[in-house]
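Below is one structure, written out as C-alpha cells; the observations come after it.
Chains as they are written, first to last, in this note's numbering: chain A, 1 to 450; chain B, 1001 to 1317.
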C-alpha cells in the first residue's frame, strides 16, 4: 500500500502541475486518490472521511509558492494532517508513580500481547534500567503462562508464577504484592485475548484494572487489522481507561492503517510499534516519520536506526575501521552487507523506507531482486578468499572459473565486478566526508528532510 | 470426506441447533445493522448515485475492499439499468447473488485422502490461530474415527511446543517434538513416526511469519521440500490460517503464501468477532483458494465448514 499511495500521489502531482492556486476543482481528483489509498491501507472509513474534509478545508485557497509545485503543496498539507492525526510527537511511557508502576496489557486474541510484554520488559530493563516483574493472567489459552515464563527466562527478568486454577484477579493481586515486597520498579501484567463483545471477559479485565490501578493500560493492536479496528478500539476504550496503544506486526508492507483509526477513535497515543518476533523488535512510535513513510517521503531516520539494530555491531565496526584506515571495501565485506540486508527484511523492507523519488523504477519485482541477491552471493562464494580481498586479480581465466563455479555466465561476473566498483567509490566518498556529507548531498532529492 | 462436516456429531452441537450459521449470525449482527443503517434510510428512495455511494461505503466497512466493491457496484448498476429497477430493495437479492457467485467456488470442504499418513501443513502470520486450529481439528478428526498425530513445527515462539502438547493431552493424541532443531527436522521425524505407527493424519504446526520476512518465507519453502523428501506425495494439504479481523493485507498474505507454497486451502479464524471478513470476497476475486474451515467461536465444535450462502446471508441480511 505504501508504494500505492506514493504512486497515486505522484500521478496526482503531475496532473496538478502548472496550477497556481489549489481550488476545489483541481484537488478533487487528488483527494479521491488519497481516499482510495487510505482505504486500501485499512484506515477506517469514518476516519478517512474526516481526514479528507480536513485536508480539503486547509488546501483550498492556498496559493502556491514559486519554489513549489501545487502537488508538493498538497502533499505537504496531507503530511501535516497525517502527522496531526497520529499525534504530533512520540509520547513516552509514563512510569512516574510510587513503584511498582503497573502496566496492564489488553487486546484481541493473537494481537501479540505476550510477545509484546516480553519486548517491553526487555526495553524497560535495558533502556530504562528498571527492575521488571512479568506475570500472566491468561488462564485460558494453553501454555500462555509458560510462554511468558520462557520469555522471562530468556530476558533474565523476574517472573511471577501463576496457574490455570487461579482467578486472574487473584493472580494480579498476588503479583502486585510480590512486586511491592521485592522492590520491583515495574510490573507488566499480560492478559488473555478477548473479544470486545464478550461481556464476561470485558468485565474480567475491568476487575483486573480495579485491582491493579495500573499507571499504563496499553491496548495492543495488530497493524494488519481491517475496518473493524475502530469498533474494537472504541469498545476497549469504553470498557477501560486506556493510556496508550502498541501497534504490532508492523513489518515491511504492513499497512498500519489501524494506527490512524485507533488513535482517532481512542484519542490515545500510539507509544510503541512492534516489528518482528525477535525480542529487540520494539520501537518508539514517531508520528512524523510514519506520515513520511506513508507518503513515500521515506523514513530515512528509522532506516538508520534499524540498521543500527539489525546490523551486527562487531561486523559493522570492523568495516568502519577498514574504511577509516583507507583499506578498501572488499568483496568479503560486500557479501556481509548482502547478508545483513537479507536479515533486515530484504530489499523490499528497505525500499519502503526510502523516498519514492529514489526508488521509483527500482524494485520492479521484489522476488527477482531477492534471487539476484542470492546469485551475487553465489558468485562471491565461488571466489577464493584472496580474490575476494583483491578483485583486481580476477582476469579472464579466473573469471571463467568463478562463473563455472557459481553456475553463471562470465558476463554476470563482470556485471557484479562493475557494480562492486561503483560501491567502492561510494564507500570512499563516505570515508572522506562521513555520512553527514552524503546525507547533505541527498537532501535535494528528498522532500521533507530539512 | 469429513463426515462431521455434514452431520453434527458432537453432543454440544445440539445445544446450538442453528450450528455455525447461528453463531456467525450472532457475530455478524453488528455488521448487518451497519449495512442496514447505511442502506435502510434510502430504501424508500429511487436508486441514484448517492444510494450506490452508501452501498459502496457499507461494503468497504465490511472489509470488501475498494476494488471489489467498485466491481460489485458496477455489476449492480448495470443490472439495475438493464432490468429498469427503481427501488433499492430490489437490488438486495442481486447483491447477495453476486456475492454468492463470487464465493461459491471457494466452498470446498477438506477431504482426507487414503494416503497414509495424510499430511496437512498449517502456515500463516503470527497470531492467526494456527495452533488453536490444529487442536480443534484434531478433536474433530478423532471423533470421525481417524488416528491423528501432531507435529510441533513451531520451534521459534516461546512455549509454542508446550501449547501444542497441551492440545495433544486434551485430545489424547501423540505430539512429536524436539528439544532443539528446526521445523523441517521435526516434521521429518513426525512423518516417520506416523508411518511407523500407522497413523492416518498428521497435522503439522509451523511458526508464524509475515510475507515480508523473506528469510522466513524461504524457510517455509524448505520445510515443504523436506516434507516432500519424507513422503513424495506430501504435503497433501497446505492450509493458510487467516484471521478474519485482517483487512486488505489478507490479500497480500494469500498471494505471498500461495506463490511460495501453492496453497490447497484457507482456514478463516475468529469470525465470531465484530469483523465482517468481507476481504474473502476480494480473495475470491483475485486468488480463489478454497476455504476449508471457518472458526466461529472458542468451543471445539466452532470449527465448521464454509458455506457461501450462509456467509453472504449473515453479511447482507
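Quick reminder that beta carbons are idealized off the backbone N, C-alpha and C, glycines included.
When you compare the CB positions of residue i and residue j, do they come within less than 8 Å of one another, or not?
| i | j | result |
| --- | --- | --- |
| residue 1091 of chain B | residue 1076 of chain B | yes |
| residue 1212 of chain B | residue 333 of chain A | no |
| residue 1201 of chain B | residue 1190 of chain B | no |
| residue 144 of chain A | residue 217 of chain A | no |
| residue 1207 of chain B | residue 1183 of chain B | yes |
| residue 176 of chain A | residue 151 of chain A | no |
| residue 1055 of chain B | residue 1128 of chain B | no |
| residue 1187 of chain B | residue 1125 of chain B | no |
| residue 288 of chain A | residue 273 of chain A | no |
| residue 236 of chain A | residue 196 of chain A | yes |
| residue 245 of chain A | residue 187 of chain A | no |
| residue 1264 of chain B | residue 1244 of chain B | no |
| residue 268 of chain A | residue 242 of chain A | yes |
Can you name the residues of chain B whose CB is closer than 7 Å to the CB of residue i?
| i | result |
| --- | --- |
| residue 110 of chain A | 1127, 1128, 1129, 1243 |
| residue 157 of chain A | What residue 157 of chain A touches in chain B: nothing, since even the nearest Cβ is about 13 Å away. |
| residue 231 of chain A | 1274 |
| residue 150 of chain A | 1158, 1159 |
| residue 45 of chain A | 1057, 1060, 1061 |
Starting from residue i, follow the alpha helix (DSSP H) in both directions and report where the run begins and ends.
| i | result |
| --- | --- |
| residue 1077 of chain B | 1066-1082 |
| residue 122 of chain A | 113-127 |
| residue 221 of chain A | Element bounds for residue 221 of chain A: not the alpha helix (DSSP H) but the beta strand (DSSP E), 216-222. |
| residue 24 of chain A | 24-40 |
| residue 1196 of chain B | 1183-1197 |
| residue 383 of chain A | It is not in any alpha helix (DSSP H) - residue 383 of chain A carries neither H nor E in the DSSP assignment. |
| residue 232 of chain A | 229-239 |
| residue 1160 of chain B | 1160-1171 |
| residue 1238 of chain B | No alpha helix (DSSP H) holds residue 1238 of chain B; the beta strand (DSSP E) holding it covers 1237-1243. |
| residue 1269 of chain B | No alpha helix (DSSP H) contains residue 1269 of chain B, which is instead part of the beta strand (DSSP E) from 1265-1269. |
| residue 51 of chain A | 45-59 |
| residue 93 of chain A | Segment: none, residue 93 of chain A is in no alpha helix (DSSP H) and carries neither H nor E. |
| residue 1280 of chain B | 1279-1286 |
| residue 1230 of chain B | 1214-1230 |
Please list, in chain order, the chain A residues whose beta carbon lies closer than 7 Å to that of residue i.
| i | result |
| --- | --- |
| residue 1066 of chain B | 36, 39, 40 |
| residue 1270 of chain B | 109 |
Starting from the beta carbon of residue i, find every residue of chain B whose beta carbon is closer than 8 Å, and list them in chain order.
| i | result |
| --- | --- |
| residue 61 of chain A | What residue 61 of chain A touches in chain B: nothing, since even the nearest Cβ is about 27 Å away. |
| residue 257 of chain A | 1247 |
| residue 378 of chain A | None at all; the shortest Cβ gap to chain B is about 15 Å. |
| residue 190 of chain A | Ordered by position in chain B, no residue passes the 8 Å Cβ test against residue 190 of chain A, which lies about 12 Å from the chain. |
| residue 80 of chain A | The contacting residues do not exist; residue 80 of chain A stays about 25 Å from chain B at best. |
Which one or two residues does DSSP pair with residue i in a beta bridge?
| i | result |
| --- | --- |
| residue 1107 of chain B | B/1291 |
| residue 105 of chain A | A/218 |
| residue 1087 of chain B | B/1046 |
| residue 136 of chain A | A/190 |
| residue 159 of chain A | A/134 |
| residue 1119 of chain B | B/1202 |
| residue 1137 of chain B | In DSSP, residue 1137 of chain B forms no bridge with anything. |
| residue 153 of chain A | None; residue 153 of chain A has no bridge partner. |
| residue 225 of chain A | B/1246 |
| residue 1176 of chain B | B/1151 |
| residue 1303 of chain B | B/1295 |
Shorter than 7 Å, the distance from the beta carbon of residue i to the closest heavy atom of the ligand MN, or not?
| i | result |
| --- | --- |
| residue 187 of chain A | Summarising the ligand content, the structure contains no ligands, and the ligand MN is consequently not present. |
Starting from residue i, find everything on chain A with Cβ-Cβ shorter than 9 Å and list it in chain order.
| i | result |
| --- | --- |
| residue 1234 of chain B | Residues of chain A passing the Cβ test: none, with the nearest at roughly 25 Å. |
Under DSSP, the beta strand (DSSP E) around residue i begins and ends at which residues?
| i | result |
| --- | --- |
| residue 188 of chain A | 186-190 |
| residue 283 of chain A | 282-284 |
| residue 248 of chain A | 244-248 |
| residue 274 of chain A | 270-274 |
| residue 1149 of chain B | 1148-1151 |
Which chain B residues sit within Cβ distance under 9 Å of residue i?
| i | result |
| --- | --- |
| residue 424 of chain A | Per Cβ cutoff of 9 Å: no residues; residue 424 of chain A is ~27 Å from chain B at best. |
| residue 146 of chain A | 1158, 1159, 1162, 1163, 1166 |
| residue 383 of chain A | Here the premise fails: no neighbours, minimum Cβ distance about 23 Å. |
| residue 24 of chain A | Chain B residues near residue 24 of chain A: none, gap ~18 Å exceeds 9 Å. |
For a contact defined as C-beta to C-beta under 8 Å, what are the partners of residue i on chain A?
| i | result |
| --- | --- |
| residue 1279 of chain B | 226 |
Inset, instruction - Closer than 8 Å, Cβ to Cβ, to anything on chain B: give me those residues from the stretch 400-414 of chain A, in chain order. - result: none
Inset, instruction - Compile a chain-ordered list of the residues in the stretch 1286-1315 of chain B whose CB is closer than 9 Å to at least one CB of chain A. - result: 1298
Inset, instruction - Give, in chain order, every residue of the stretch 124-144 of chain A whose Cβ lies closer than 9 Å to some Cβ of chain B. - result: 140, 141, 142, 143, 144
Legend entry - chain B contacts from the stretch 194-218 of chain A (Cβ-Cβ distance under 8 Å): 195, 196, 197
Inset, instruction - Please name the residues in the stretch 237-252 of chain A whose beta-carbon is closer than 9 Å to at least one beta-carbon of chain B, in chain order. - result: 248, 249, 251, 252
Legend entry - Residues of the stretch 269-281 of chain A whose Cβ lies closer than 9 Å to any Cβ of chain B, in chain order: 276, 277
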